[in-house]
Structure formats: structure tokens, C-alpha cells
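First up is the structure itself, then whatever we jot down about it.
Residue numbers (this note's numbering), protein chains in the order written: chain A, 1 to 286; chain B, 1 to 332.
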């Protein structure tokens, strides 16, 4: 009877069980530590500053929509979201394009110096890119790129390339040699093989490196802080930081702005969680 | 043929490049084919190499050059001072504080996040209803931008903030602290915020590693009468070794260059006294905002060298076995 019940409820061979209460208690504790501060910030955005000052830990009474409405209508929220979006998309596109062509060569061509080239790229994982931020700023200034989207996009593509190559290379190597031979017999060169067979087959890996690049760019702070002095080019992280230091007494407004800035990342992650975790899994497993 | 263990293969890639297939005879067809191959190799890798060299490697070279000058960033640097900037840095107690703080963050992160992440990963690797949701919730802090996390905790931990009010309300008023203003406490507060933010990354990596542990091993152990704890201790943990070491490496590099959360959460006045400065915030404060470009670049070089040496030592002593495995796995 119980065996039957378990079997019928089993999806993909592993039966889900109502585990011991202890497991649930611990899992709930983990979840509480992770999200309580976040929930507090979101709910705090529905209160007024006097309410918060009088009782920092209370619930909204009454609920006010004014803070969120104010941020959405009066601040530069939309402009900053747009800037973040353009920069993140540009970075993602650049990383995927450059990353896949370099990784393809490193994975599918045999030539003298190949491993040297690979090591050369992986060196980027060994040290913090942030260490070179000052000379990078000076260089961008000399190139007249300061206060442009490129000043953020180009360096971010460069920072992200080592990880991208390291994730993509084994994936591209794993595509069976027979497919390449078959393509060659059909008269397709290696470039045609890359375009018609490798790219479609490696879509999951491309999506993963793309998402990693997008999230890194969306959250980036130091580089935009230095190279985007022009307020009309500010990204969301800069916007949140400026808002919070400009209107220090408007606690409710800061909470609302912070919540709204969190929202895209949270939504994005909810949809892309499988890809991110799957990609890291590939990187760990190889 | 190629590396089977990419993330571990940071330095191992330099070992014995497989020799290219040498053409047996030099027919003109072969020559044309070889030429085309090289055109393709160069055409496909050049854009990536240029961007990477220009925006990652060249600036590091420039940092060293600029660090030898006293320079306010206007016009070309002319006031050559040799290694004076480096001497100055190591004589500045604020910079030494920054070094100490980085050390606290590096070791604190490893010692605190490691055990927590391991426990949570083992927990969330168990099969129970709602596991996916709990995993998602545990990753939330890691997904949020550093800046939003920093501002959030700044509000929660300020003198008149939520935490202190809560503590007062439950009768712990005696433990109320100036979490972000007390010079002796602030670095530990920041370590807490960093832990909250980044433990999720360790959990993601460890869960990925756990999912690669063959289910059959656990089942075999269960058949042999091993308890859940025994299985974790004797089967899962040893197999997680490489993943744990990769995480330690990434965590160490991240801790050495930590900037965003420190910058946003801690008050500039506290930072300028050294209590909450790190090498990166010290570098940006002095180089960019105080316009001491030569000095700032010297700090950049110090940060770079420390990270690089730490990375190499880590590679040599801790990742060695993994790399050897990768290398022997490659040999035919």
C-alpha cells in the first residue's frame, strides 16, 4: 500500500517525501535569514518615514503607495534602468560573440601555441580585474571614452572573457568529432561547422555565459562609478547609491527605490536559476 | 585530449601542448589548407585577444609605470620618485589597517562561510518537497546587487536602525551597538554583511558539486547500512574536495579585492580612519577621489601582487592534486 502510494507519486524515479520535521525547520531557518531583510525593505517602502522612525520594526499602517509612485514618476529610475539595460545587453552580446569564437578555436583547432593561448586567457581568473581600475580609467580618459556606454561595456567584456572561455571550451570540445567529419564530407568548412552545427548545439552553454555576463554587468558598481560621471548615463546601482546619499532623511523613499532596483534581478534570477546553476555545475564538473 | 577539468586547469594548461599533426607530405593542397586554418585561427581569436589585452593586461602594466611617479593626473607624469610611493603606502597606518581588514575578510569568509555553506548545501541536497523553492530563497542574497545589499544593511544597522530598535524591544537594550560607527566593531559588522551576501555563492557551487556525486554511491552505502551522516562524512565530503577548493580560491580572490559593499555600507569618515578600509577602497579614495594618481597606482600594484602571489601559492599547494588529476586524465 505505502509502496504503491510512493510509486504512483514518484516523478522521474526519485520519490519526493515529506522529510523529517527537522529538515523543514532548518530549511525554513535558512530561508528566513536569507529573505527577512529583503522582505523588510520591500514592506518598509510601503510605510512613511515618520512611521519608520517611530517604530522601525513595525508593519505599515496604513499601507502607503506614495513612495513607490514617487520613485517611479519623479526620480531618474526609468532612465537608469534603461542605461543598465543597454550596458548589460551590450556586454552580454560582446562576451558571447568574442567568447565563442575564441573558445571554438581553442576547442576544435590543433595548432602550436594553443595551450599557451588558453593559459593566457585563464590568467585573468588568477587576479582581480578591479586592481587595474585606476590605469583603466586613465586609459579610457585618453581614448575619450569616458561618459559613454563603451567605457563600461568594453572593459566588462574583457573582464568576463576568461570565465567565458573556461566554461565554453570543454563544452565545444565535447561535440563529437564525427559531426565535424560529416560536415566536412558534405563540403562544409570549419566556419560553416561553427555556424550551422556548433552554435545551435551549444545554445545552453551560450545562454549560461550570457546570463553570467548580464548579471555581472547589471550589478556592477566600481567601473560605472569611475567612468560615468554624467548623471544621465548612470546605471541603477549608481542611482540607488546617489538617491540614498542625497535624500538621507527620506528613509521610506530609499527603501522603495532599493526595492524597485532589486526587482529586476530577483525576477531575472527566478526565471534563469536553472541556467545559472547548471552553468556553474558544468564549470565545476568540466 | 583537451582539459576535462577546466576550472581547475588555471595553470595546468601550460603543460605539454599536444603537438599539431604534421603534414606527411607537402602537397600544395595541404599548404593551402594549412594557410586557411591559420587565417581562421587568427580571425576568430584576434578580437577577443585585443579586447582582453587592451582592457585587462595593458592597464596592469600602466599601473606599474604610473606608480613610479608623483602625479596629479594632469599632463604626462614627469615627477619620477622611484619606489617612494610604495614606501609611503607601507608607512601609512591607514593602509596597514586596510591590509589587516583584508586579511580579516579573507580568513573570516573562509572560516565562516565554508561550514555554513556545507551544512546548507547538504541540507538542500536532501530530497524533500519544496526543495526547489528553498534553494531559490537561499540564493536570493547572492543575486542582489552589492549596492542594494549595502544600502539595505546600512539602514538596518544604523544607530537608530531596525536592529537596535528590535533589540531594545525584546529587552536586549544593553547589547545595542553603533554597528557601523564604532571603530572596533565596524569591520566585524561588514564581515557579517559580506557573509550574508556571499554564502549563497558557496552554496550554489557546493550544490553543483553534490549533484555530480553519483547517486549509486549513496545507494550502495545505504545498502551496506551506512547512516545519512556516515554517507556524507565518508563519501560525499571527500568527493566534494575539488569543489570546496575551487570555492576557497574564488572566495579568496574576491575577498582581496572587495570594494562595493564596503564602500556603500560604511560611512566615509569611518573608512578614512582605517577602521573599515580595504585595499580597494583605499586605492579608490586616494587615487581617484584625492587625485593622487601615482600613489593610487602603487596601491593598485600592491593589491595586484598580493592577489597574484596568493593565487600562485594556493595553486601550488592546494589545487595541485586537482591539476595533477586533470593532467594525468589528459595523457593518453
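Ideal Cβ positions, reconstructed from N, Cα and C, are used throughout, including at glycine. Predicted, not measured: the structure shown is a model, and the values here were computed from it.
Checklist entry - For residue 23 (chain B), does the three-state DSSP call read helix, strand or coil? => result To locate residue 23 (chain B), count along the second chain from 1; it is residue 23. Confidence at residue 23 (chain B) is low in this model, with a pLDDT of 49, below 50, so the placement of that residue is unreliable and no value is reported for it.
Item to check | C-beta neighbour in chain B for residue 214 (chain A), strict 8 Å | outcome: Here residue 214 (chain A) refers to the residue found at position 214 of the first chain. No, its Cβ sits nowhere closer than 8 Å to a Cβ of chain B.
Item to check | Contacts that residue 282 (chain B) makes with chain A (C-beta to C-beta distance below 9 Å) | outcome: Mapped onto the second chain, residue 282 (chain B) falls at position 282. Here the premise fails: no neighbours, minimum Cβ distance about 12 Å.
Next on the checklist: Can you pull the chain B neighbours of residue 219 (chain A), defined as C-beta to C-beta under 9 Å?
Outcome noted: Start at 1 with the first residue of the first chain, and residue 219 (chain A) comes out as number 219. Within 9 Å Cβ-Cβ: 143, 144, 145, 146, 147, 148 and 260.
Next on the checklist: Which residue marks the beginning of the alpha helix (DSSP H) containing residue 218 (chain A), and which one marks its end?
Outcome noted: Here residue 218 (chain A) refers to the residue found at position 218 of the first chain. 203–219 is the extent of the alpha helix (DSSP H) around residue 218 (chain A).
Next on the checklist: Using 8 Å for Cβ pairs, my map puts residue 176 (chain B) next to residue 276 (chain B). What's the rounded Cβ distance?
Outcome noted: Along the second chain, one-based indexing puts residue 176 (chain B) at 176. Along the second chain, one-based indexing puts residue 276 (chain B) at 276. Wrong, their Cβ atoms sit about 19 Å apart, outside the cutoff.
Checklist entry - Any idea if residue 144 (chain A) is buried or exposed, counting beta-carbon neighbours within 10 angstroms, 16 or more meaning buried? => result Looking up residue 144 (chain A) in the first chain gives position 144. Answer is exposed; the Cβ neighbour count stays below 16.
Checklist entry - Excluding five sequence neighbours on each side, which residues of the same chain lie with their C-beta closer than 6 Å to the C-beta of residue 146 (chain B)? => result For the purposes of this step, residue 146 (chain B) is taken as the residue at position 146 of the second chain. These residues qualify, in order along the chain: 260 and 261.
Checklist entry - Which ranges would you report for the alpha helix (DSSP H) in the region 21–99 of chain A if only whole runs of at least 4 residues count? => result 21–44, 49–54 and 66–74
Item to check | First through last residue of the alpha helix (DSSP H) which encompasses residue 115 (chain B) | outcome: Working through the second chain from its first residue, we reach residue 115 (chain B) at position 115. Here the alpha helix (DSSP H) through residue 115 (chain B) covers 93–124.
Item to check | Closest Cα partner of residue 128 (chain B) within the set A:248, A:22 and A:239 | outcome: In the second chain, counting from the first residue as 1, residue 128 (chain B) sits at position 128. Proximity to residue 128 (chain B) across A:248, A:22 and A:239 peaks at A:22, based on C-alpha coordinates.
Item to check | Span of the alpha helix (DSSP H), counted from its first residue to its last, around residue 397 (chain B) | outcome: Residue 397 (chain B) lies beyond the range of chain B shown here (1 to 332); nothing can be said about it.
Checklist entry - What residues from the region 107–118 of chain A come within 9 Å of chain B, judged by C-beta to C-beta, listed N to C? => result Within the region 107–118 of chain A, contact with chain B at the beta-carbon level (separation under 9 Å) is assigned to 107, 109, 110, 111, 112, 113, 114, 115, 116, 117 and 118.
Item to check | Endpoints, the alpha helix (DSSP H) within which residue 255 (chain B) is located | outcome: Here residue 255 (chain B) refers to the residue found at position 255 of the second chain. Note, residue 255 (chain B): alpha helix (DSSP H), 237–256.
Next on the checklist: One question on the structure: do residue 273 (chain A) and residue 88 (chain B) come within less than 8 Å of each other, judged by their Cβ atoms?
Outcome noted: Taking the first residue of the first chain as position 1, residue 273 (chain A) is located at position 273. Taking the first residue of the second chain as position 1, residue 88 (chain B) is located at position 88. No, the pair does not count as a contact, with Cβ atoms beyond the cut-off.
Next on the checklist: Rounding to the nearest angstrom, what Cα-Cα distance links residue 23 (chain B) and residue 38 (chain B) in this structure?
Outcome noted: Taking the second chain and counting its residues from 1, the one referred to as residue 23 (chain B) is at position 23. Taking the second chain and counting its residues from 1, the one referred to as residue 38 (chain B) is at position 38. A caution first: residue 23 (chain B) carries a pLDDT of 49, below 50, which makes its placement in the model unreliable, though a value can still be read off. As the crow flies, the alpha-carbon of residue 23 (chain B) is around 14 Å from that of residue 38 (chain B).
Next on the checklist: Whole angstroms are fine: how far does the CA of residue 120 (chain A) sit from the CA of residue 44 (chain A)?
Outcome noted: Position 44 of the first chain, counted from the first residue, corresponds to residue 44 (chain A). Position 120 of the first chain, counted from the first residue, corresponds to residue 120 (chain A). Looking at the two C-alpha atoms, the distance is approximately 48 Å.
Checklist entry - Based on Cα-Cα distance, which residue from B:278, B:198 and B:249 lies nearest to residue 117 (chain B)? => result On the second chain, position 117 is the one that residue 117 (chain B) refers to. When only C-alpha atoms are compared, the closest one is B:198.
Item to check | Runs of beta strand (DSSP E) wholly within the region 124–206 of chain A (minimum 3 residues, chain order) | outcome: none
Item to check | For residue 250 (chain A), three-class secondary structure by DSSP | outcome: The residue labelled residue 250 (chain A) in the question sits at position 250 within the first chain. Note: residue 250 (chain A) maps to coil in three-state DSSP.
Item to check | residue 75 (chain A) beta carbon less than 8 Å from that of residue 48 (chain B) | outcome: Numbered from its first residue, the second chain carries residue 48 (chain B) at position 48. Numbered from its first residue, the first chain carries residue 75 (chain A) at position 75. Result no, Cβ atoms of residue 48 (chain B) and residue 75 (chain A) do not sit closer than 8 Å.
Item to check | Minimum C-alpha distance to residue 264 (chain A) - residue among A:80, A:163, A:182 and A:46 | outcome: Residue numbering aside, residue 264 (chain A) sits at position 264 when the first chain is read from its first letter. Minimum Cα distance to residue 264 (chain A) is reached at A:80.
Item to check | Pairwise C-alpha distance: residue 168 (chain B) and residue 157 (chain B) | outcome: Working through the second chain from its first residue, we reach residue 157 (chain B) at position 157. Working through the second chain from its first residue, we reach residue 168 (chain B) at position 168. The straight-line gap separating the alpha-carbon atoms of residue 157 (chain B) and residue 168 (chain B) is approximately 13 Å.
Item to check | Residue of A:137, A:214, A:242 and A:47 minimising C-alpha distance to residue 85 (chain A) | outcome: For the purposes of this step, residue 85 (chain A) is taken as the residue at position 85 of the first chain. Closest by alpha carbon: A:214.
Checklist entry - On the three-pair Cβ rule with 8 Å, is the region 156–171 of chain A touching the region 59–76 of chain A? => result No: the two stretches stay apart, fewer than three of their Cβ pairs being nearer than 8 Å.
Next on the checklist: At a CB distance below 7 Å, what residues from the region 304–316 of chain B approach chain A? Give them in sequence order.
Outcome noted: For the region 304–316 of chain B, which is checked against every Cβ of chain A, the residues closer than 7 Å are 304, 307, 308 and 311.
Next on the checklist: So, for residue 118 (chain A): in the same chain, excluding its five sequence neighbours on each side, which residues have a beta-carbon less than 8 Å away from its beta-carbon?
Outcome noted: As a first step, residue 118 (chain A) must be located in the first chain, where it is residue number 118. Excluding residues within five positions, the ones whose Cβ falls inside 8 Å are 106, 165 and 169.
Checklist entry - How would you label residue 224 (chain B), buried or exposed, when you count the other beta carbons within 10 angstroms and need 16 or more for buried? => result As a first step, residue 224 (chain B) is located in the second chain; it is residue number 224 there, counting from the start. Exposed, because fewer than 16 other Cβ atoms sit within 10 Å of the Cβ of residue 224 (chain B).
Checklist entry - So, helix, strand or coil for residue 118 (chain A), using DSSP? => result Position 118 of the first chain, counting from 1, holds the residue named residue 118 (chain A). Correct three-state label for residue 118 (chain A): helix.
Checklist entry - For residue 98 (chain B) and chain A, any beta-carbon pair shorter than 8 Å? => result Numbered from its first residue, the second chain carries residue 98 (chain B) at position 98. For residue 98 (chain B), the answer is no, since every Cβ of chain A falls outside 8 Å of its Cβ.
Next on the checklist: At the 8 Å Cβ level, is residue 34 (chain A) part of the contact set with chain B, yes or no?
Outcome noted: Against the first chain, residue 34 (chain A) aligns to sequence position 34. By this cut-off, residue 34 (chain A) is an interface position.
Next on the checklist: Looking at chain A, is there any beta carbon in it that lies within less than 8 Å of the beta carbon of residue 29 (chain B)?
Outcome noted: As a first step, residue 29 (chain B) must be located in the second chain, where it is residue number 29. It does not: the Cβ of residue 29 (chain B) has no partner Cβ on chain A nearer than 8 Å.
Checklist entry - Between the region 187–199 of chain A and chain B, which residues of the former have CB atoms less than 7 Å from a CB of the latter, in chain order? => result 190 and 191
Checklist entry - Listed in chain order, which residues of the region 131–159 of chain A have Cβ atoms closer than 8 Å to some Cβ of chain B? => result 131, 132, 133, 134, 135, 136, 137, 138, 139, 154, 155, 157, 158 and 159
Item to check | Same chain only: Cβ atoms within 6 Å of residue 86 (chain B), ignoring 5 sequence neighbours per side | outcome: Taking the first residue of the second chain as 1, we reach residue 86 (chain B) at position 86. 298, listed in sequence order.
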